[in-house]
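*Asks:*
Number of protein chains: 2
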Amino acid sequence: MAKKFLTSREENYSQWYNELVVQAGLAEQSAVRGCMIIKPYGYAIWEKMQQQLDKMFKETGHENAYFPLLIPKSFLCKEAEHVEGFAKECAVVTHYRLKNAEDGSGIIVDPDAKLEEEFVIRPTSETIIWNTYKNWIQSYRDLPILCNQWANVMRWEMRTRMFLRTAEFLWQEGHTAHATKQEAIEEADKMVNIYADFAQQWMGVPVIMGSKSDNERFAGALETFTIEAMMQDGKALQSGTSHFLGQNFAKAFDVKFANKEGKEEYVWATSWGVSTRLMGALIMAHSDDKGLVLPPKLAPIQVAIVPIFKGQEQLDTISEKVNVLVDKLRAKGISVKFDNRDNQKPGFKFAEYEMKGVPVRLAIGARDIENGTIEVARRDTLSKETMNFEGIEDYLEKLLVEIQDNIFEKALKFREEHIYKVDSYDEFKRLIKEQPGFYLCHWDGTVETELKIKEDTKATIRCIPFDSPEEEGVCMVTGKPSHKRVLMSLAY
Amino acid sequence: MAKKFLTSREENYSQWYNELVVQAGLAEQSAVRGCMIIKPYGYAIWEKMQQQLDKMFKETGHENAYFPLLIPKSFLCKEAEHVEGFAKECAVVTHYRLKNAEDGSGIIVDPDAKLEEEFVIRPTSETIIWNTYKNWIQSYRDLPILCNQWANVMRWEMRTRMFLRTAEFLWQEGHTAHATKQEAIEEADKMVNIYADFAQQWMGVPVIMGSKSDNERFAGALETFTIEAMMQDGKALQSGTSHFLGQNFAKAFDVKFANKEGKEEYVWATSWGVSTRLMGALIMAHSDDKGLVLPPKLAPIQVAIVPIFKGQEQLDTISEKVNVLVDKLRAKGISVKFDNRDNQKPGFKFAEYEMKGVPVRLAIGARDIENGTIEVARRDTLSKETMNFEGIEDYLEKLLVEIQDNIFEKALKFREEHIYKVDSYDEFKRLIKEQPGFYLCHWDGTVETELKIKEDTKATIRCIPFDSPEEEGVCMVTGKPSHKRVLMSLAY
Numbered sequence: 001m002a003k004k005f006l007t008s009r010e011e012n013y014s015q016w017y018n019e020l021v022v023q024a025g026l027a028e029q030s031a032v033r034g035c036m037i038i039k040p041y042g043y044a045i046w047e048k049m050q051q052q053l054d055k056m057f058k059e060t061g062h063e064n065a066y067f068p069l070l071i072p073k074s075f076l077c078k079e080a081e082h083v084e085g086f087a088k089e090c091a092v093v094t095h096y097r098l099k100n101a102e103d104g105s106g107i108i109v110d111p112d113a114k115l116e117e118e119f120v121i122r123p124t125s126e127t128i129i130w131n132t133y134k135n136w137i138q139s140y141r142d143l144p145i146l147c148n149q150w151a152n153v154m155r156w157e158m159r160t161r162m163f164l165r166t167a168e169f170l171w172q173e174g175h176t177a178h179a180t181k182q183e184a185i186e187e188a189d190k191m192v193n194i195y196a197d198f199a200q201q202w203m204g205v206p207v208i209m210g211s212k213s214d215n216e217r218f219a220g221a222l223e224t225f226t227i228e229a230m231m232q233d234g235k236a237l238q239s240g241t242s243h244f245l246g247q248n249f250a251k252a253f254d255v256k257f258a259n260k261e262g263k264e265e266y267v268w269a270t271s272w273g274v275s276t277r278l279m280g281a282l283i284m285a286h287s288d289d290k291g292l293v294l295p296p297k298l299a300p301i302q303v304a305i306v307p308i309f310k311g312q313e314q315l316d317t318i319s320e321k322v323n324v325l326v327d328k329l330r331a332k333g334i335s336v337k338f339d340n341r342d343n344q345k346p347g348f349k350f351a352e353y354e355m356k357g358v359p360v361r362l363a364i365g366a367r368d369i370e371n372g373t374i375e376v377a378r379r380d381t382l383s384k385e386t387m388n389f390e391g392i393e394d395y396l397e398k399l400l401v402e403i404q405d406n407i408f409e410k411a412l413k414f415r416e417e418h419i420y421k422v423d424s425y426d427e428f429k430r431l432i433k434e435q436p437g438f439y440l441c442h443w444d445g446t447v448e449t450e451l452k453i454k455e456d457t458k459a460t461i462r463c464i465p466f467d468s469p470e471e472e473g474v475c476m477v478t479g480k481p482s483h484k485r486v487l488m489s490l491a492y
Numbered sequence: 001m002a003k004k005f006l007t008s009r010e011e012n013y014s015q016w017y018n019e020l021v022v023q024a025g026l027a028e029q030s031a032v033r034g035c036m037i038i039k040p041y042g043y044a045i046w047e048k049m050q051q052q053l054d055k056m057f058k059e060t061g062h063e064n065a066y067f068p069l070l071i072p073k074s075f076l077c078k079e080a081e082h083v084e085g086f087a088k089e090c091a092v093v094t095h096y097r098l099k100n101a102e103d104g105s106g107i108i109v110d111p112d113a114k115l116e117e118e119f120v121i122r123p124t125s126e127t128i129i130w131n132t133y134k135n136w137i138q139s140y141r142d143l144p145i146l147c148n149q150w151a152n153v154m155r156w157e158m159r160t161r162m163f164l165r166t167a168e169f170l171w172q173e174g175h176t177a178h179a180t181k182q183e184a185i186e187e188a189d190k191m192v193n194i195y196a197d198f199a200q201q202w203m204g205v206p207v208i209m210g211s212k213s214d215n216e217r218f219a220g221a222l223e224t225f226t227i228e229a230m231m232q233d234g235k236a237l238q239s240g241t242s243h244f245l246g247q248n249f250a251k252a253f254d255v256k257f258a259n260k261e262g263k264e265e266y267v268w269a270t271s272w273g274v275s276t277r278l279m280g281a282l283i284m285a286h287s288d289d290k291g292l293v294l295p296p297k298l299a300p301i302q303v304a305i306v307p308i309f310k311g312q313e314q315l316d317t318i319s320e321k322v323n324v325l326v327d328k329l330r331a332k333g334i335s336v337k338f339d340n341r342d343n344q345k346p347g348f349k350f351a352e353y354e355m356k357g358v359p360v361r362l363a364i365g366a367r368d369i370e371n372g373t374i375e376v377a378r379r380d381t382l383s384k385e386t387m388n389f390e391g392i393e394d395y396l397e398k399l400l401v402e403i404q405d406n407i408f409e410k411a412l413k414f415r416e417e418h419i420y421k422v423d424s425y426d427e428f429k430r431l432i433k434e435q436p437g438f439y440l441c442h443w444d445g446t447v448e449t450e451l452k453i454k455e456d457t458k459a460t461i462r463c464i465p466f467d468s469p470e471e472e473g474v475c476m477v478t479g480k481p482s483h484k485r486v487l488m489s490l491a492y
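Listed in order, the protein sequences are those of chains L and U.
Heads up: the first sequence begins at 1 in this note's numbering, then just goes up one per residue.
Heads up: the second sequence begins at 1 in this note's numbering, then just goes up one per residue.
#1: Can you tell me which residues form a DSSP beta bridge with L:CYS77?
#2: Kindly indicate if chain L contains any beta-carbon less than 8 angstroms away from that of U:TRP156.
#3: Would you call the CB atoms of L:GLU118 and L:VAL83 closer than 8 angstroms?
#4: Could you check the C-alpha separation between U:ALA101 and L:LEU76 for me, to the nearest Å?
#5: Which two residues bound the contiguous alpha helix (DSSP H) that contains U:VAL447?
#6: Using a Cβ cut-off of 8 angstroms, pull out every chain L residue sitting near U:TYR439, in sequence order please.
#7: Tell whether a beta-carbon distance below 8 angstroms holds between U:TRP268 and U:GLU183.
#8: Please report how far the alpha carbon of L:TRP252 lies from the alpha carbon of L:ILE305, in whole angstroms.
#9: Can you tell me whether U:ALA331 is buried or exposed, with buried defined as 16 or more other CB within 10 angstroms of its CB?
#10: Check whether the Cβ atoms of L:VAL192 and L:SER242 sit closer than 8 angstroms, and answer yes or no.
#11: Got a sec, what are the start and stop residues for the alpha helix (DSSP H) L:HIS286 sits in?
#12: Are the Cβ atoms of L:GLY437 and L:ILE464 separated by less than 8 angstroms?
#13: If you scan the region 362 to 417 of chain L from start to end, which runs of the beta strand (DSSP E) of 3 or more residues do you find wholly inside it?
#14: Does the beta carbon of L:ILE419 come closer than 8 angstroms to any beta carbon on chain U?
#15: Counting only Cβ pairs nearer than 9 angstroms, list the residues of chain U close to L:VAL92.
#16: Roughly how many whole angstroms lie between the Cα atoms of L:GLN314 and L:ALA366?
#17: Helix, strand or coil for U:ALA2? Go by DSSP, reduced to three states.
#18: Under the three-state reduction of DSSP, which class applies to U:PRO469: helix, strand or coil?
#19: Quick one, which residues of the region 14 to 35 of chain L are near chain U if we go by CB-CB under 7 angstroms, in chain order?
#20: Between which two residues does the beta strand (DSSP E) harbouring U:ARG485 extend?
#21: Which residue comes first and which comes last in the alpha helix (DSSP H) that contains L:ILE419?
#22: Should U:PHE5 be labelled buried (16 or more other beta-carbon atoms within 10 Å of its own) or exposed?
#23: Taking the C-alpha atoms as reference points, what is the distance between L:GLU416 and L:GLU409?
#24: Looking at the unbroken beta strand (DSSP E) that takes in U:LYS337, where does it start and where does it end?
#25: Going by DSSP in three states, U:TYR133 sits in which element: helix, strand or coil?
#26: What is the rounded straight-line gap between the Cα of U:ILE407 and the Cα of U:LEU282?
#27: For L:TYR140, which residues of its own chain have a beta-carbon under 8 angstroms away from its beta-carbon, when the five flanking residues on both sides are left out?
#28: Under 8 angstroms, with one C-beta from each stretch per pair, do the region 474 to 482 of chain U and the region 194 to 201 of chain U reach the 3-pair mark?
#29: May I ask which residues mark the beginning and end of the beta strand (DSSP E) holding L:GLY246?
#30: Let me check one thing: in DSSP terms, what residues is L:GLU228 bridge-paired to?
#31: What does U:LYS39 reach in chain L if we use C-beta pairs closer than 7 angstroms?
#32: Quick one: grab the DSSP three-state call for L:MET191.
#33: Looking at the structure shown, is L:ASN215 part of a helix, part of a strand, or coil, going by DSSP?
#34: Give the C-beta separation of L:THR226 and U:SER30 to the nearest angstrom, bearing in mind that I take them to be a contact with Cβ-Cβ under 8 angstroms.
#35: Which residues in chain U have a C-beta closer than 8 angstroms to the C-beta of L:ASN340? List them in chain order.
#36: Are at least three pairs of beta-carbons, each pair with one atom in the region 23 to 43 of chain L and one in the region 66 to 80 of chain U, less than 8 angstroms apart?
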């Protein structure tokens, strides 16, 4: 596996990505159209993401729960915009039994086991959850409800790519219920900030936070907040969204509460989610032509140690020293793998850890033992140096922090080099093709203009950034007044 | 919620269970037939189970991965016994889109979006996984594969009960591939032992390990190992199974490997799983007429502290002392809740923690502050004592261990009092009704006899216990020779 070479990013970015996902052992296509298999190494990274996110959710008062996979068709239809948004990509369960065909031709769907009402496999769970919240909420004392669920969901996408867009994907979906509009908006805002913190501090991926335009909002939301990350081809990847749902779902499912004055009001809602799509962002933001580059905080193996030896005796001598180091590193909470396999050459192992993005690879041979040294190779910079063995554990601890920072800084620098302000639509149309990146432009705020830009250039409004300053200008397309620049880009 | 009383176990065990599940906030029925909603408190217990099991799996070399939710119908059909076992309870996906009806009558399943081949929602994943392993295995060097997946599965059961038998449930399924028969059998045996350790040491539920009879084996297995627990009504609950699958799935999916001599052989397989059914076992094994009783190792809250106060000033004085205790307990890794809500009376809180099975409840009032005391109430024995506040954290640490042990010992004693040896079938038929429990009986080893017993009494052979001694006897039904007693019981 590690012996193969990847197509370079420059040659074909999309092919590089697909090959990398497979060769690093992250995922592969399954026999089910559009569904991937997440392989152990890929899943181990996802587990690290889950653990940290789960911790951040719990620290902010959220609890996990679990709601049904299947949603009655009638539930999906209760919120008009919502069903409009999801109807076209629903897997539908119509029967509940198979049987032997009477003509002996094999196993068939039993026509007698047709469901009275069809179910869809959840594309998202607002409807089934708000139908449940109806029973949980009577009074203001029952609020807020702050639930999250880790689950699989299904959207029957026509064009799929591993991690980025798959028919089935894993995600978390938070669903909260509040007594006031203000509190719900604050919750939606809090969660998009948690997503941004996670992306930047754990994934090492800088993101731009903002609001979606009307056209790009979640089906059923009044406001969608998003984090947008730049990939190495200059395209944007929407990496997490948090929705202020207003009272739409409360009205659709008749969820009211008695306020402190005893008056009935509809409940205010939010929902927010990130998915295995984050894996796609992680891979595409940092990796290079030699394979995956992982930030230490999410690397299943942070340090790999490769012994260079001839014969068992040399290996024993090396192992004795290495085992002490392994213990010291583990005591610091660093995950280490001592790769003492004797059926693979060191070069093979080096290539494997490079492909798998292990942040630090050590090598130690007989001469190192004599000299009291060890070779330290960084995955992010591909640099190597020979260091004193003595005290190396402290150095490695600091190095992992440095690598985490460097990966983020590098991605941030790349993004800053690829953000442009443009005021002329002709220039925009030319540049978006020639130098993909993020474009800050004036826009008149209408859906018509947004759709025209998309039709002309394939670029979309990724968000109206929270930190975009007030600035008088005119829409680059229509010349109508604009007060802020918005973020436009090609996107995944 | 906590103000209600439960139906007693004696009055109606089944109703007691259903009420307890709801009133303790563990789960509730959903709008989807046979599917439950796992509420935050129930899910928190499940998460604790997951964490420990996951740790035990990883310590024995297993890795997590994720395989598709949907299984092509043709895959399910490749192993004859397997499809026979699951065909009757499959949710079937036949379409991938909804649309607006042309007559304006609403949203319908789009007849143009019919799938060429139907999918079933996984009832278990042997088929999709072995179809994948085909690509992962070429040589003995690729073996063993030791994968586990945490997932939801669906079996369209007609009669459902929360946690015990639901159409959708959460579980883990391990699927391993081995070069030799011996190694696969050892793996299946290792995993049933891990399940037994978990049940006994974490859930406090004593189990009997053994092999299933031919009639009770997993569809497609050569051997099924099981752990069987006794509930308080004397019925058995199958709590986890581990299957030696032989080469059945390797043959069905043509999975071969080149052995060290370069000769092709079929791969040997195991699979093993436990599910949210464990929650049912946990609830039914220990709880009483006042509510849930949780073993400390799985309790989301191990110690609840209720202040008895009048006015803010008293609460402040109490809080000052309690906060120090809370910190000390947390430093010991004990999960504590200081319940300083001022809108509920202490009595209400006591009843709530009783219903929720919190192992230790403390109460502290103004007089305790004066006297330097605190009230300690144990959930398992319902006993209370007033203790010195000073050094209480060390006492509580030991107490939690004692409660964990006591819960197990109590369940073990109950089981030992309800295991009987019977040699006469007439007696068996009478006793199994009058005093439900585990019956160790001689059986001739045939399916016919097993089915007759089931028809006559509803009892089934739960397992052939691993530790059942060799003992010459005759089958209680047919008088044919038998060399071992087997375990018979009514079961969930």
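C-beta: ideal position from N, C-alpha, C; glycine also.
This structure is a prediction, so every number in the text was calculated from the model and none was measured.
*Replies:* Concretely, from the data shown:
#1: One-based indexing of the first sequence puts residue 77 of chain L at position 77. The partner list for L:CYS77 (beta bridge, DSSP) is empty, contrary to what the question assumes.
#2: Taking the second sequence and counting its residues from 1, one reaches residue 156 of chain U at position 156. At least one chain L Cβ lies under 8 angstroms of U:TRP156.
#3: Residue 118 of chain L sits at position 118 when you count from the first residue of the first sequence. Residue 83 of chain L sits at position 83 when you count from the first residue of the first sequence. No, they are not a contact pair.
#4: The count along the second sequence starts at 1 and reaches residue 101 of chain U at position 101. The count along the first sequence starts at 1 and reaches residue 76 of chain L at position 76. In a straight line, the C-alpha of U:ALA101 is about 15 angstroms away from that of L:LEU76.
#5: On the second sequence, position 447 is the one that residue 447 of chain U refers to. Segment 447 to 457, the alpha helix (DSSP H) holding U:VAL447.
#6: For the purposes of this step, residue 439 of chain U is taken as the residue at position 439 of the second sequence. Result: empty, since nearest Cβ-Cβ is about 35 angstroms, beyond 8 angstroms.
#7: Taking the first residue of the second sequence as 1, we reach residue 268 of chain U at position 268. Taking the first residue of the second sequence as 1, we reach residue 183 of chain U at position 183. Yes, the Cβ-Cβ distance between U:TRP268 and U:GLU183 is below 8 angstroms.
#8: Numbered from 1 along the first sequence, position 252 holds the residue referred to as residue 252 of chain L. Numbered from 1 along the first sequence, position 305 holds the residue referred to as residue 305 of chain L. Rather than Trp, the amino acid found at residue 252 of chain L in this sequence is Ala. Taking the straight line from one Cα to the other gives about 58 angstroms.
#9: Locating residue 331 of chain U in the second sequence gives position 331, where the first residue counts as 1. Result: exposed.
#10: As a position in the first sequence, residue 192 of chain L is number 192, starting the count at 1. As a position in the first sequence, residue 242 of chain L is number 242, starting the count at 1. Yes, the Cβ-Cβ distance between L:VAL192 and L:SER242 is below 8 angstroms.
#11: Residue numbering aside, residue 286 of chain L sits at position 286 when the first sequence is read from its first letter. Looking at the DSSP string, the run of the alpha helix (DSSP H) that includes L:HIS286 is 277 to 286.
#12: In the first sequence, counting from the first residue as 1, residue 437 of chain L sits at position 437. In the first sequence, counting from the first residue as 1, residue 464 of chain L sits at position 464. The answer is no: Cβ separation not under 8 angstroms.
#13: 373 to 378 and 384 to 388
#14: Start at 1 with the first residue of the first sequence, and residue 419 of chain L comes out as number 419. No, its Cβ sits nowhere closer than 8 angstroms to a Cβ of chain U.
#15: To locate residue 92 of chain L, count along the first sequence from 1; it is residue 92. Those within 9 angstroms of L:VAL92 in chain U are VAL93, THR94, HIS95, TYR96, ARG97, LEU98, VAL109, ASP110 and ALA113.
#16: Counting from one through the first sequence, the residue named residue 314 of chain L turns up at place 314. Counting from one through the first sequence, the residue named residue 366 of chain L turns up at place 366. Distance between the alpha carbons of L:GLN314 and L:ALA366: 7 angstroms.
#17: Here residue 2 of chain U corresponds to residue number 2 of the second sequence, with the count starting at 1. Because U:ALA2 carries a pLDDT of 43, less than 50, the predicted location of this residue cannot be relied on, and the following value inherits that uncertainty. U:ALA2 falls in the coil class under three-state DSSP.
#18: As a first step, residue 469 of chain U must be located in the second sequence, where it is residue number 469. Three-state DSSP puts U:PRO469 in coil, outside helix and strand.
#19: SER30, ALA31, VAL32 and CYS35
#20: Within the second sequence, residue 485 of chain U is the residue found at index 485, counting from 1. Run containing U:ARG485: 481 to 489, per the beta strand (DSSP E) assignment.
#21: Residue 419 of chain L sits at position 419 when you count from the first residue of the first sequence. Looking at the DSSP string, L:ILE419 is not in any alpha helix (DSSP H); the run it does join, the beta strand (DSSP E), is 419 to 421.
#22: Translated into positions along the second sequence, residue 5 of chain U becomes position 5. U:PHE5 comes out exposed.
#23: As a working note, residue 416 of chain L is residue 416 in the first sequence. As a working note, residue 409 of chain L is residue 409 in the first sequence. Answer to the nearest angstrom: the Cα atoms are 10 angstroms apart.
#24: To locate residue 337 of chain U, count along the second sequence from 1; it is residue 337. Looking at the DSSP string, the run of the beta strand (DSSP E) that includes U:LYS337 is 336 to 338.
#25: Position 133 of the second sequence, counting from 1, holds the residue named residue 133 of chain U. Correct three-state label for U:TYR133: helix.
#26: Translated into the one-based positions of the second sequence, residue 407 of chain U becomes position 407. Translated into the one-based positions of the second sequence, residue 282 of chain U becomes position 282. The straight-line gap from Cα to Cα measures roughly 11 angstroms.
#27: Here residue 140 of chain L refers to the residue found at position 140 when the first sequence is read from its first residue. Excluding sequence neighbours, L:TYR140 sits near ALA179, PHE257, ALA258, ASN259 and LYS260.
#28: Result no; under three Cβ-Cβ pairs closer than 8 angstroms.
#29: Your numbering for residue 246 of chain L matches position 246 in the first sequence. Here the beta strand (DSSP E) through L:GLY246 covers 236 to 246.
#30: The residue labelled residue 228 of chain L in the question sits at position 228 within the first sequence. Partner(s): L:ILE208 and L:GLN238.
#31: For the purposes of this step, residue 39 of chain U is identified with residue 39 of the second sequence, where counting begins at 1. Within 7 angstroms Cβ-Cβ: ALA65.
#32: Sequence index remark: in the first sequence, residue 191 of chain L carries index 191 (1-based). Helix, per DSSP.
#33: In the first sequence, counting from the first residue as 1, residue 215 of chain L sits at position 215. Three-state result, L:ASN215: helix.
#34: On the first sequence, residue 226 of chain L is found 226 positions in, with the first residue counted as 1. On the second sequence, residue 30 of chain U is found 30 positions in, with the first residue counted as 1. Not a contact, Cβ separation roughly 31 angstroms.
#35: Start at 1 with the first residue of the first sequence, and residue 340 of chain L comes out as number 340. Chain U residues near L:ASN340: none, gap ~16 angstroms exceeds 8 angstroms.
#36: yes
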